[in-house]
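Engineer: Below: one structure in structure tokens.
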Amino acid sequence: MEKDRFLHTITEAISKNSREVLNQLQNSEIGSYEHFEQHFPTVLPLDTYLKLERRRKDQRTAQQENDLQSTQVIETRTFLAECEHIHNKVLFDCINDSLLQFKPYGKDGSPLPWSRQNRRLKPIEDFTIEEMFEIVKHDVSSKLI
């Protein structure tokens with residue numbers, strides 16, 4: 001089921017409402033950057049990340065129940081767990097960002113009606129899911145270095 005959901009999501013092009021884009025261009029002030037702010041849709045659902053984090057938290061809680069430790073050690077572990085949570089969310093967002101390259105038309109999305117740019121439709125059939133994630137793994141590791 002998850003594989004089918006992923007394949008469906010990755011094959012949908014990012015689309016923009018042309019009226020909203022025109023309105024934003026018309027109402028933006030000279031020198032403002034608000035028209036550059038883009039929020040891309042996620043390829044992997046947030047539920048996937050939350051399930052993984054919940055599993056990690058449950059394992060940590062089970063380990064803490066078995067260990068009798070001082071409050072200072074528990075506070076340090078809690079702090080480190082929160083840092084790990086933030087780190088994992090950054091990785092998840094990087095993976096989602098990298099997966100956007102496999103959507104039709106990439107991050108740019110389908111061309112707007114007035115656009116004269118020729119955008120190549122990126123065929124995802126050329127890649128298996130394993131190959132996509134190998135490319136994503138390379139992209140994420142090169143961004144983190």
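Using the working numbering, the first residue of the sequence shown is number 1, and each one after it goes up by one. Beta carbons: idealized from backbone N, C-alpha and C, even for Gly. Model, not experiment: these values are computed from the prediction.
Does DSSP put T128 in a helix, a strand or coil?
Structural biologist: Three-state result, T128: coil.
Engineer: Is N182 near T9, with beta carbons less than 8 Å apart?
Structural biologist: Lying before the first or after the last residue shown, residue 182 is absent from the chain, which here runs from 1 to 145.
Engineer: With respect to the alpha helix (DSSP H) encompassing N96, which residues constitute its N-terminal and C-terminal limits?
Structural biologist: Counting along the chain, the alpha helix (DSSP H) containing N96 begins and ends at 71-99.
Engineer: Buried or exposed, going by whether 16 or more other CB atoms sit within 10 Å of the CB of F102?
Structural biologist: Burial call: buried.
Engineer: Determine the contact status of S110 and S18, defining contact as a CB-CB distance below 8 Å.
Structural biologist: It is not a contact, given that the beta carbons lie outside the stated cut-off.
Engineer: Could you check if L80 is buried or exposed, using at least 16 other CB atoms within 10 Å of its CB as the buried criterion?
Structural biologist: Label assigned to L80: exposed.
Engineer: Between the beta-carbon of E53 and the beta-carbon of N27, is there less than 8 Å?
Structural biologist: Against a cut-off of 8 Å, the Cβ pair of N27 and E53 comes out as no contact.
Engineer: In terms of residue numbering, what span does the alpha helix (DSSP H) encompassing R19 cover?
Structural biologist: From DSSP, the alpha helix (DSSP H) with R19 extends over 18-27.
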